[in-house]
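Read through the structure below, which is laid out as structure tokens, and then see the notes.
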Amino acid sequence: MRLRDVLSVLSKSSPYAVKTDRETALSDELDKVKDYLYIETDMEADFKNHLQSLAIGKKIIYLCGSSGDGKSEILTRYRKNFDNIAHFHLDATHSFSPKETAIERLNKLFSDYENGDKSLVIGINIGMLGNYAEEGNYENSKIAISNYLKSSRETEEHIFIDFEKYPKFKLESHRYTSDFTEKLLKRITSIDNNIIRQHYDKELQHHDADLKLCINYYLLSLPSIQRIVVELLFKARLMKDQFLTARGLLDFVYHLFTGPGYLFDNIFASQDNEIVSKIADFDPALRRTKLIDQFVLSQKLGIDDPDFDEFRFSPNLKNFDLHKLNSPESNIRFFYIIQNEELGNNYHKKFKADFSDDLLDRYATIWRLHKMPKETDNKAELRPFYRDILMAAISKYVNKNAPQLGKEDFLLASRGRYLITAHLDIKPDNAAIKRESENGIENVSHFLAFLKVNGKALKPIPININLLELLLRIVQGYQPNKHDKNAVVLLDELLDKLHEIASKEKTLFIISDQQRFNLNDVEGNGSELEVSGG
Numbered sequence: 001m002r003l004r005d006v007l008s009v010l011s012k013s014s015p016y017a018v019k020t021d022r023e024t025a026l027s028d029e030l031d032k033v034k035d036y037l038y039i040e041t042d043m044e045a046d047f048k049n050h051l052q053s054l055a056i057g058k059k060i061i062y063l064c065g066s067s068g069d070g071k072s073e074i075l076t077r078y079r080k081n082f083d084n085i086a087h088f089h090l091d092a093t094h095s096f097s098p099k100e101t102a103i104e105r106l107n108k109l110f111s112d113y114e115n116g117d118k119s120l121v122i123g124i125n126i127g128m129l130g131n132y133a134e135e136g137n138y139e140n141s142k143i144a145i146s147n148y149l150k151s152s153r154e155t156e157e158h159i160f161i162d163f164e165k166y167p168k169f170k171l172e173s174h175r176y177t178s179d180f181t182e183k184l185l186k187r188i189t190s191i192d193n194n195i196i197r198q199h200y201d202k203e204l205q206h207h208d209a210d211l212k213l214c215i216n217y218y219l220l221s222l223p224s225i226q227r228i229v230v231e232l233l234f235k236a237r238l239m240k241d242q243f244l245t246a247r248g249l250l251d252f253v254y255h256l257f258t259g260p261g262y263l264f265d266n267i268f269a270s271q272d273n274e275i276v277s278k279i280a281d282f283d284p285a286l287r288r289t290k291l292i293d294q295f296v297l298s299q300k301l302g303i304d305d306p307d308f309d310e311f312r313f314s315p316n317l318k319n320f321d322l323h324k325l326n327s328p329e330s331n332i333r334f335f336y337i338i339q340n341e342e343l344g345n346n347y348h349k350k351f352k353a354d355f356s357d358d359l360l361d362r363y364a365t366i367w368r369l370h371k372m373p374k375e376t377d378n379k380a381e382l383r384p385f386y387r388d389i390l391m392a393a394i395s396k397y398v399n400k401n402a403p404q405l406g407k408e409d410f411l412l413a414s415r416g417r418y419l420i421t422a423h424l425d426i427k428p429d430n431a432a433i434k435r436e437s438e439n440g441i442e443n444v445s446h447f448l449a450f451l452k453v454n455g456k457a458l459k460p461i462p463i464n465i466n467l468l469e470l471l472l473r474i475v476q477g478y479q480p481n482k483h484d485k486n487a488v489v490l491l492d493e494l495l496d497k498l499h500e501i502a503s504k505e506k507t508l509f510i511i512s513d514q515q516r517f518n519l520n521d522v523e524g525n526g527s528e529l530e531v532s533g534g
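Per UniProt numbering, residue 1 is the first one in the sequence shown, and the count goes up by one each step.
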């Protein structure tokens, strides 16, 4: 069996992509590879603990996740050991008969549970949970599901284990991590006791070795490149809302190995994979910097670059055939993935500064500051974000048609040369920020910003990386347009709330050239207005 055959278990088109209760092995050798690749997660450990608790009480356990998360894999793994105390239903989107709907099958399962002495374990997605809460027959289950969907409340009898509560990515003190991804990449490429590595070594010795596949395997075995892959996946999650399932990740890695080109092209330039189609927007060859543009142009014009020639023909790069790469863009991608490696004359390192992602680092820093433990005084470190980014962007955006207004002026309307404004005292809500740092919930897709307006707390503002980027650009003078629609919606929701508050202020201001009038609502109900100034 060749290396490509062994790696085929990673593909979503492989019969190993979905776990079933088959009795006979498809291939003893591939079964061993599949078993070797299996990684137990924190979620699975919690699931196992709940299964063990069934010995002392009848319960329903809902294993909730999206298609490809690995529900069937986990349920099949534990079914044989616990089928004496629980009935397992691997996929609640399916029924057992063409005449039976999935809802009817769940009704039957809940009926058997209520009338029997066994617990019930169900693999189910969130959408089907919602459908049953609306259309199901068994009230106890409907109420339990509905309460969970609304407020994540559980009961002793109804246990929900949700893949979403075990995030694929974490932001730690000085880095972003993906425990499952990192473990999987290390498992696939480990030097010791690795059945896949053994086939890689054999492939290298084969008379007709698949050298491109071997090079891709070697590249992904480098820890520095694994870190870059994790970073790219993290960016796809934050900026493109790309969720990472176990099946999706395995197929992504398979594509990196077996795509049409070298790994550094497969990860950016091929559109045959869902995750790659999102990562393609982060292609370093698309960056417009002076150094990258000069390199691309000089290569396309055939201008000699002795330092690059020395680099690509250096002994430790001879197997990469850089002189045969189809385009200078491929070389840029290669420079990117090996930016932390020492190779040849290190020509590639001159581009490292051009590859840095200040936005991602800035987002991670601000996210961490909002999640600092209570004993840490983070007010001073967060002040620049609130003062120089969030509040400054709000002021510039709302007053874009009247840049002469001060930071506390909130433009409500304009009538010819007259501007109608209100004063809003907007400040960080430090007490709310402190409470948020203590709640323990760590959703890396956004952080919550907290403001007080005229002394009153505002509803928390979810800020994702795209909104943060928009805020930074507005501060620099950018005017949002239709291409910013997703981030602008979030910003407009905030401004609508501020506009509502501002329009109810007792004192409004009418400004024209050098004149300024105060319009005071004496009674607070609009019945008596007092005008002053001039």
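Glycine included, every Cβ here is placed at the ideal spot set by N, Cα and C. Note that the coordinates shown come from a computational prediction; the quantities given were computed from them, not determined experimentally.
6 Å Cβ shell around residue i - same chain, five flanking residues per side excluded
{"i": "residue 283", "result": "268"}
{"i": "residue 87", "result": "118 and 120"}
{"i": "residue 375", "result": "Interpretation of residue 375 is limited by its pLDDT of 48, a score under 50 that renders its predicted location unreliable; the figure taken from the coordinates is listed afterwards. Cβ within range, chain order: n/a, list empty."}
{"i": "residue 363", "result": "465 and 468"}
{"i": "residue 68", "result": "245, 247 and 248"}
{"i": "residue 505", "result": "422"}
{"i": "residue 70", "result": "246"}
Residue nearest to residue i in terms of C-alpha spacing, selected from the options
{"i": "residue 342", "options": "359, 224, 453 and 116", "result": "224"}
{"i": "residue 419", "options": "14, 237, 517 and 168", "result": "517"}
{"i": "residue 306", "options": "339, 332, 347 and 452", "result": "347"}
{"i": "residue 236", "options": "221, 222 and 252", "result": "252"}
{"i": "residue 509", "options": "519, 515, 276 and 231", "result": "519"}
{"i": "residue 399", "options": "211, 330, 317 and 495", "result": "495"}
{"i": "residue 221", "options": "459, 188 and 243", "result": "188"}
{"i": "residue 150", "options": "330, 126 and 1", "result": "126"}
{"i": "residue 490", "options": "417, 303, 397 and 409", "result": "397"}
{"i": "residue 185", "options": "230, 34, 214 and 104", "result": "230"}
{"i": "residue 33", "options": "44, 42 and 6", "result": "6"}
{"i": "residue 339", "options": "277, 227 and 111", "result": "227"}
{"i": "residue 104", "options": "82, 131, 115 and 479", "result": "131"}
{"i": "residue 538", "options": "435, 446, 409 and 459", "result": "It is not possible to answer for residue 538, since the shown part of the chain is limited to 1 through 534."}
Three-state secondary structure (DSSP) of residue i
{"i": "residue 115", "result": "helix"}
{"i": "residue 8", "result": "helix"}
{"i": "residue 462", "result": "strand"}
{"i": "residue 72", "result": "helix"}
{"i": "residue 550", "result": "Nothing about residue 550 can be read from this structure; the chain reaches only from 1 to 534."}
{"i": "residue 365", "result": "helix"}
{"i": "residue 198", "result": "helix"}
{"i": "residue 410", "result": "strand"}
{"i": "residue 246", "result": "helix"}
{"i": "residue 41", "result": "coil"}
{"i": "residue 23", "result": "Residue confidence for residue 23 is low, a pLDDT of 47 falling below 50, so the modelled location carries little weight and cannot support an answer."}
{"i": "residue 127", "result": "helix"}
{"i": "residue 402", "result": "coil"}
{"i": "residue 90", "result": "coil"}
{"i": "residue 375", "result": "Interpretation of residue 375 is limited by its pLDDT of 48, a score under 50 that renders its predicted location unreliable; no figure is taken from the coordinates."}
{"i": "residue 387", "result": "helix"}
{"i": "residue 47", "result": "helix"}
{"i": "residue 15", "result": "coil"}
{"i": "residue 491", "result": "helix"}
{"i": "residue 423", "result": "strand"}
Contact under 7 Å by Cβ, residue i with residue j
{"i": "residue 429", "j": "residue 457", "result": "yes"}
{"i": "residue 549", "j": "residue 92", "result": "With the chain running from 1 to 534 in the structure shown, residue 549 is simply not present."}
{"i": "residue 183", "j": "residue 61", "result": "no"}
{"i": "residue 179", "j": "residue 64", "result": "no"}
{"i": "residue 200", "j": "residue 3", "result": "yes"}
{"i": "residue 463", "j": "residue 450", "result": "no"}
{"i": "residue 166", "j": "residue 234", "result": "no"}
{"i": "residue 250", "j": "residue 10", "result": "yes"}
{"i": "residue 195", "j": "residue 232", "result": "no"}
{"i": "residue 502", "j": "residue 412", "result": "yes"}
{"i": "residue 171", "j": "residue 488", "result": "no"}
{"i": "residue 437", "j": "residue 371", "result": "yes"}
Close Cβ partners of residue i (< 8 Å) along its chain, the five nearest in sequence each way excluded
{"i": "residue 156", "result": "57 and 59"}
{"i": "residue 455", "result": "425"}
{"i": "residue 55", "result": "85"}
{"i": "residue 317", "result": "311, 343 and 344"}
{"i": "residue 23", "result": "Confidence at residue 23 is low in this model, with a pLDDT of 47, below 50, so its placement is unreliable and no value can be given for it."}
Cutoff 7 Å; reference residue i; Cβ partners in own chain excluding five residues on either side
{"i": "residue 395", "result": "407"}
{"i": "residue 128", "result": "92, 93 and 102"}
{"i": "residue 148", "result": "154 and 160"}
- Taking one C-beta from the segment 306-315 and one from the segment 272-288 each time, how about it: are there three or more such pairs within less than 8 Å? no
Quick check: the segment 292-299 against the segment 250-265, are at least 3 beta-carbon pairs closer than 8 Å? no
Can at least three beta-carbon pairs, one atom from the segment 347-359 and one from the segment 323-339, be found at a separation below 8 Å? yes
Query raised in the report: Is there contact between the segment 383-390 and the segment 471-479, where contact requires at least three CB pairs shorter than 8 Å?
Result: yes
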